Amino acid sequence: QRCDKQVAEAILIHNKVSKIETRAQVIALFEKVLLPDPERIYRSYPHEMSGGQIQRVMIAMA
């Protein structure tokens with residue numbers, strides 16, 4: 010499952026927002042945890058990222 014789906018799921022469980030708003034929130038979270046190129050990370054699978062990037066995605070989900 011891609012990173013966008015995992016983080017978006019966490020947002021959608023707690024908020025009633027559209028998919029477009031969810032995408033914007035996910036990218037904003039990725040920027041907040043200082044992930045390089047949040048758009049690319051948004052479309053990436055976990056095996057395509059480094060361990061540190063995966064940790065930052067998990068922090069963004071929290």
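In the working numbering, each number is its position in the sequence shown, counted from 1, plus 9.
Idealized CB from N, CA, C, for every residue including glycine.
Just so you know, these numbers come straight off a predicted model, no measurement behind them.
Quick check: the Cα distance between A17 and I29, rounded to an integer number of angstroms?
For the pair A17 and I29, the Cα-to-Cα distance works out to about 10 Å.
What span of residues does the alpha helix (DSSP H) with R54 cover, start to end?
Checking the sequence, you will find Tyr at residue 54 rather than Arg. Premise fails: Y54 is in no alpha helix (DSSP H) and is neither H nor E.
V35, enclosing alpha helix (DSSP H) - first and last residue
28–41
Is it buried or exposed for Q62, if we count other Cβ within 10 angstroms and need 16 for buried?
buried
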